[in-house]
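**Student:** Counting with this note's numbering, you get residues 1024 to 1305 for the letters of the sequence shown.
Backbone N, C-alpha and C fix where the C-beta goes; we use that ideal spot for every residue, glycine too.
A quick note: this is a predicted structure, and the numbers were derived from the prediction, not measured.
Pasting a structure below so you can have a look.
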Amino acid sequence: MNININFQLAKLNEQLSFLEIEIENPIVKCENAIDIILKSINIIKKVVIKNSFKTDQEEILFFKEIKPQFTSKLIYYNMVYKIEMKRPNGGNRILKKYFHNELLKLKSFFDNELEFYQYYRSGSTYLDYKYFQRGKFDIKLALDNYYFETDTTFSTSHDFKVAQILANDLLQLYIENKLIMTENKDISEKSQRKPNIKLMWTGSKVALTELLYALHSQGVFNNGSADLKDIAEYFEHIFEIDLGQYRRTFLEIRTRKTDRTKFITALNESLIKRMDNADDII
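Here is the structure:
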């Protein structure tokens, strides 16, 4: 029996690998994959129902390690299909938020199934006779409702959970790759939007220092969390200017006898004058 099933698994993997190479559209790919996997599962189901397991260990091995390799692929492609179908139209920011939310769903499953997840990942076996043998379910093990609707000749209480764990591993990689692609696209688009001209600061260093402190005081960078030193270094980099001992410069600005905000005041007056002139034109 195992020889026939192993052949079916190898055949399934080969067919899915072919789809991954030949079909680019993820929705079409998933539709084809699901169809192939269902046929493959139907074949091994007939083999299992027709033939009896020779030992309890053979039955446990099948439902703990072999069957989940088939059903995990079905779960994976079905989840990818849903993700792609619900994928929002919008910019990279919207897509990144969408994929991050999908990762949170995977974490939610992990949190809800933490006890069994730890049991399975640790390689434990002491509950295998309950988890992976047909008809040996224990209501105290917090069974999912779907178990009571499954075909008990081809299902145990926890073989589907193993498949979900394996599918989630694959899905996490899929989503993380999508996030990387979106991030790279975002970086590429930003690099393409670079200005064609280079702006140089032609005002005084004192004026730039005054502006630097004003912007930091207003908390306009990173919701007010940006450090003064980081802003100063950013200005120096962007404008290719050395502000020198800007803290000492600020001390001198503070001790001015008249108009301590000389540059900011000049900015305010210039902008108001421009607005007034614009009103006259209108």
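When DSSP labels each residue in this structure, what does Q1187 get in the three-state scheme?
**Tutor:** Correct three-state label for Q1187: helix.
**Student:** Start and end of the alpha helix (DSSP H) containing F1155?
**Tutor:** Note, F1155: premise wrong, no alpha helix (DSSP H); not H, not E.
**Student:** Where does H1260 sit, in a helix, a strand or coil, going by DSSP?
**Tutor:** Residue state, collapsed to three classes: helix.
**Student:** Report the rounded CA-to-CA distance for K1280 versus T1225, giving the unit in angstroms.
**Tutor:** So the two alpha carbons sit approximately 25 Å from each other.
**Student:** If you run the structure through DSSP and keep just helix, strand and coil, what is P1111?
**Tutor:** If DSSP states are grouped into helix, strand and coil, P1111 belongs with coil.
**Student:** May I ask you to verify whether the segment 1225–1234 touches the segment 1135–1145, counting CB pairs closer than 8 Å and requiring at least 3?
**Tutor:** Touching, no.
**Student:** Between the Cα of N1112 and those of Y1104, Y1121, K1105, spot the shortest distance and give me the residue it belongs to.
**Tutor:** Selected option, being the one with the closest Cα: Y1121.
**Student:** Where do the N-terminal and C-terminal ends of the alpha helix (DSSP H) with F1076 fall, by residue?
**Tutor:** Premise fails: F1076 is in no alpha helix (DSSP H) and is neither H nor E.
**Student:** What would DSSP say about V1243, mapped onto helix, strand or coil?
**Tutor:** Coil, per DSSP.
**Student:** Go to L1274, then tell me how far its alpha helix (DSSP H) extends in each direction, as first and last residue.
**Tutor:** Taken as a continuous stretch (DSSP letters only), the alpha helix (DSSP H) holding L1274 covers 1269–1277.
**Student:** Given a cut-off of 7 Å on the beta-carbon distance, is the pair I1067 and Q1031 in contact?
**Tutor:** The answer is yes: Cβ separation under 7 Å.
**Student:** Looking at the secondary structure, which residues open and close the alpha helix (DSSP H) in which L1137 lies?
**Tutor:** From DSSP, the alpha helix (DSSP H) with L1137 extends over 1137–1144.
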